[in-house]
Amino acid sequence: MEDHFIENLGWVALLLPLLSAVAITLGGPFGARRAAAKISIGAVALSFVASLILFLYLHLTGQPALAETSFPWLIIGKYGELNNLQFNLGLQLDTLSLVMMLVVTGVGLLIHIYSQGYLAGDPGYSRYFACLSLFTFSMLGIVLADNFLMMFIFWELVGISSYLLIGFWYHKPAAADACKKAFITNRIGDFGFLLGILLVWSVLGSVGFASLKLEAAHPNHFGPVATIAGLLIFCGAMGKSAQFPLHVWLPDAMEGPTPVSALIHAATMVAAGVYMLCRVYFLLSFPGSQALEIIGWIGGFTALLAALIAVQQNDIKRILAYSTLSQLGYMVMAVGSHGPTAAMYHLTTHAFFKALLFLGAGAVIHAMHHEQDIWQMGGLRKKLPVTFWTFLTGTLALCGVPFFSGFYSKDSILAQALKNGSYGLFIIGVLVAALTTFYMARLALVVFWGSARSSAAEHPHEAPGVMLWPLRILAVPSVIGGLLFIEATFEHFFAGGHGEAGTITWAEQLLEPLNASPAAALSGIFAIMVGGAFAGALYWKAASDPLPLRLGWFARAMRNRFYFDELYERVLIPATHELWSRIAQAIDRWIIGGLAVRGASGATEFAGRALRLVQSGSLQTYAFLLVAGVAAVIYCLLAR
Amino acid sequence: MSPVGPHHYLIVSGLLFSLGLLGVIMRRNLLVIYMCLELMLNAANLALVALSHFNGKLDGQIMVFFIITVAAAEVAVGLALIVALYRKRQTAHVEDLTSLKF
Chain D
29 MEDHFIENLG
39 WVALLLPLLS
49 AVAITLGGPF
59 GARRAAAKIS
69 IGAVALSFVA
79 SLILFLYLHL
89 TGQPALAETS
99 FPWLIIGKYG
109 ELNNLQFNLG
119 LQLDTLSLVM
129 MLVVTGVGLL
139 IHIYSQGYLA
149 GDPGYSRYFA
159 CLSLFTFSML
169 GIVLADNFLM
179 MFIFWELVGI
189 SSYLLIGFWY
199 HKPAAADACK
209 KAFITNRIGD
219 FGFLLGILLV
229 WSVLGSVGFA
239 SLKLEAAHPN
249 HFGPVATIAG
259 LLIFCGAMGK
269 SAQFPLHVWL
279 PDAMEGPTPV
289 SALIHAATMV
299 AAGVYMLCRV
309 YFLLSFPGSQ
319 ALEIIGWIGG
329 FTALLAALIA
339 VQQNDIKRIL
349 AYSTLSQLGY
359 MVMAVGSHGP
369 TAAMYHLTTH
379 AFFKALLFLG
389 AGAVIHAMHH
399 EQDIWQMGGL
409 RKKLPVTFWT
419 FLTGTLALCG
429 VPFFSGFYSK
439 DSILAQALKN
449 GSYGLFIIGV
459 LVAALTTFYM
469 ARLALVVFWG
479 SARSSAAEHP
489 HEAPGVMLWP
499 LRILAVPSVI
509 GGLLFIEATF
519 EHFFAGGHGE
529 AGTITWAEQL
539 LEPLNASPAA
549 ALSGIFAIMV
559 GGAFAGALYW
569 KAASDPLPLR
579 LGWFARAMRN
589 RFYFDELYER
599 VLIPATHELW
609 SRIAQAIDRW
619 IIGGLAVRGA
629 SGATEFAGRA
639 LRLVQSGSLQ
649 TYAFLLVAGV
659 AAVIYCLLAR
Chain W
736 MSPVGPHHYL
746 IVSGLLFSLG
756 LLGVIMRRNL
766 LVIYMCLELM
776 LNAANLALVA
786 LSHFNGKLDG
796 QIMVFFIITV
806 AAAEVAVGLA
816 LIVALYRKRQ
826 TAHVEDLTSL
836 KF
C-alpha cells in the first residue's frame, strides 16, 4: 500500500506541471488566465513536495533506488515474445534523479515566484506560465526517464519549450532569431544523440538504463563501438549543455525574459546534458572507450574559451551566459576525468548560485528600466541593498571563495582532474578559475561600486518583495551548499551503493577540500586571489574598460566572441546551405520534375503515338482483326 | 444415304456463316457488306431452328423471332445511315470512308 503510494508519487510530480500547462492554456475563459501564476506555482510547489517526500523516503529506508514503475508503451512484435521490440514508459527513482528533481523543482519554484513580479503586466503573462509549466514537465521527464527513448522524447520537449520561452517576446527580431538559433543548434546535437541511441540499441539490444547497465557489466561485443557510441551520445549533451562547437546558441538565448535565463540557461535545461552523461556514465566509462578523454578535452576547451569571452562582454546577462558556458565546460570536464560525482556536485551548487546571479541580474535590469550594459550602471550598492548582498553572495560562490558552496564543488573537480592524472585539464581548470574570478569581480565592481554612469543608475528602484525573497532564499544554499553532504550522496550513488554515506561531520566537511587534496584546494585559492587582484587593480572605480587598450587585438577578439558566430555565418552555414540547396534542387529537377511529372506525361504520349498507328482506317482490317480475335477467344475456350 | 440429321443443317449453317464473313471482310461496297451481315445472322437462325427442332424444344425458335426483329430494326437504322452517308459523300465504298483514322 505504502509502496504504491510512493511509486505513484513520482508520476504525480511529473504530471502536475503538465496538468498546469493544459489548465492555463485551455482554461483561459474560466479565469485561468488571471490565476495562471498561481496554478503554475502551485503545480511546481506540489512537485517539489512530492520529490522531497520521495527523497526522504529513499534516504530513510536506505535503498539505492525505488522499484521501477514502468509499463509497456510501444511493442513491435508479439507481447512476451523473446525477440520483440518493446519500449517502456517508466520512472527511475534513485538518488541521482531525486536530487536532480529537488534542484529542478526547488530552484524552479523560486523562479516561478520571481517571474510573477518580473512579468507583472506583460500581455503574454498566462502564455508565459503555461510555457514555464510545460518546460518543468519536460525537464522532470528527462530527469525521471528510465530509458533512452523516453529521455529522448522529453529531451525534444525541453527543446521546444525552451524555443517557446526564448522567443517569448517574439515581436523582437533578436528574440525570434535567438529561439530559432537555439532550436536548430540543439537539433544538430540531438541528431547525433539519436544516432548514438540507435547504435547502443542495435548493439546491446535495449534502451532501458537498468538493462543496459546489466549488459555493460560483463565484457561483450560493445567494446569496439564504445568510443563512437559514447561520442554520439555526447553530441546530445553538446547541444543541450552548449559545449564547443555548438555553444553559440546559449548567449543569444539571453533574449528571453531573465527568469527564463535563470531557469533554463543556468539551472536546468543546460544541466540536462551533464545529467544525461552521468546517467549513462557506465556506457561512457566502458573499458577500452576513448570517449571520456575527448569529452574531457572538449569540456576543458569550452570552459577556457567561454571564460575568455566573458572577460570582454558588456551586457550583464551575456557575461553570466558565458560564465554558464564556462561552468558547464567545467562539469563536462569533470565527467571526462572520470568524476561524475564532481560533475553532479558542481551541477547542483551551480544551479543555486547561477540562478541567484541571473535573478539578481534581473533585479538590476528591472531597477535600471531594462538597461543591460554594465557601463551604464555603477554605484548600485547603496541603492539596491538586497540585490547587492545576494548578488555578491552568488558571485563569491561562483568564484569559489572558500567556505561558499562553489569552493567545494570546484575543488572537487580540480581534485578529480589531479587524481585522474589529467594534468592538462587541471591547469585549464585553475586558469578558468582565475578568469572566472576576474570577470565576476569586474562585473560586480562595475555594477555595484564606483559612481553612477547614467541617469537611470542615479535613480534605480529596488524590486518588489516577490522578486527579492527568491534571491534571499537562493542565497542560503549558495553559501552552505558545500555542507549539505551532496558530494557524499552522489559518491555513494556512483560507487553503486557501497560504502557508508554521510559519515563525516560538519566540521570535517568544512575543511574537507584541504584534507582530501591540498594541492587542488591551494591552487584554486591562489587562482581566485590572482584573478581578484587583477580585476581590483583594473576596475576599481574605472570609468571605462581599460583592457582593450592593454590587450589590443586579443581584447577585440574576446569581445567579438572569437568570431565564432561570424565563422558559422560566413563559412559553415553558406557551405551547408549551398550544398543542401543544390541537392534539393537536383532532386526537384531530375527526380520529381523529370522522372515523376515529365515521365508520366511522356509515357502516356509515347503510348498514344505508338497505338494510333494501328488505326489504319480500313474497315476490312478492323473486321478481320475482330473476327481473328473472336476466333482466338473461341479457340482458347474450346481447346482446353 | 442416311436421313437428314442435325449435322447437315449445321454444316449448311456454317457454310452460310463463312460466306457472310468472307463477304464482310472482302467486299468493298457498304451495301454488299450489309447484306453479308444479314446472311451471317440468318446462318445463325438456321442453326437455332435446326437444333430446336431436333431437341424438341421451342427455345431456339423463340430466339429466332427475337433475332429477326432485332435484324429488321438494325437494317432500318443501318440503311438510313448508309443513305445519309451517300448523300453527304456521294460514295458507299469503304476505301473512301477513312477520315477517322490517324
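Line by line, the protein sequences are chains D and W.
So for the first sequence, our numbering puts the first residue at 29; every next one is plus one.
So for the second sequence, our numbering puts the first residue at 736; every next one is plus one.
We put the beta carbon where it would ideally sit given N, CA and C, even for glycine.
Keep in mind it's a predicted model, so treat the numbers as computed, not measured.
Buried or exposed by the 16-neighbour rule on C-beta atoms within 10 Å, applied to residue i
i	result
CYS664/D	exposed
GLU597/D	exposed
PRO201/D	exposed
ARG610/D	exposed
ALA638/D	exposed
GLU594/D	exposed
PRO574/D	exposed
PRO413/D	exposed
LEU623/D	exposed
MET557/D	exposed
ARG617/D	exposed
THR421/D	buried
Coil, strand or helix - residue i by DSSP
i	result
HIS828/W	strand
TRP101/D	strand
GLY342/D	For the sequence presented, residue 342/D should be read as Asn rather than Gly. ASN342/D: coil per DSSP, three-state reduction.
LEU119/D	strand
GLY149/D	coil
VAL747/W	helix
GLY527/D	Residue placement at GLY527/D cannot be trusted, given a pLDDT of 47 that sits under 50; the coordinates are not used to answer.
GLY236/D	strand
GLN400/D	coil
ALA571/D	coil
ALA811/W	helix
ASN175/D	strand
GLN643/D	coil
ASN588/D	coil
Contact with chain W by residue i, beta-carbon distance below 8 Å
i	result
PHE652/D	yes
VAL661/D	no
VAL655/D	yes
LEU666/D	no
GLY645/D	yes
GLN648/D	yes
Short CB-CB distance (under 8 Å) between residue i and chain D
i	result
ILE746/W	no
VAL818/W	no
ILE802/W	no
THR826/W	no
LEU835/W	yes
LEU756/W	yes
VAL767/W	no
VAL829/W	yes
PHE812/W	The displayed chain sequence assigns Val, not Phe, to residue 812/W. So no, VAL812/W is outside the interface.
VAL759/W	yes
Beta-carbon spacing of residue i, residue j below 8 Å
i	j	result
THR123/D	LEU88/D	no
LEU82/D	GLY38/D	yes
ALA362/D	ALA370/D	yes
SER313/D	LEU305/D	no
GLY559/D	PHE466/D	yes
VAL460/D	GLY552/D	no
ALA491/D	HIS398/D	no
SER98/D	GLY70/D	no
LEU46/D	PHE165/D	yes
TYR567/D	ARG470/D	yes
Presumed contact (8 Å Cβ cut-off) between residue i and residue j, rounded CB distance
i	j	result
LEU168/D	VAL132/D	6 Å
MET266/D	LEU274/D	5 Å
VAL288/D	MET586/D	Not a contact, Cβ separation roughly 26 Å.
ILE455/D	VAL392/D	Actually they are not in contact, since the Cβ atoms of ILE455/D and VAL392/D sit about 34 Å apart, beyond 8 Å.
VAL186/D	ALA295/D	Wrong, their Cβ atoms sit about 13 Å apart, outside the cutoff.
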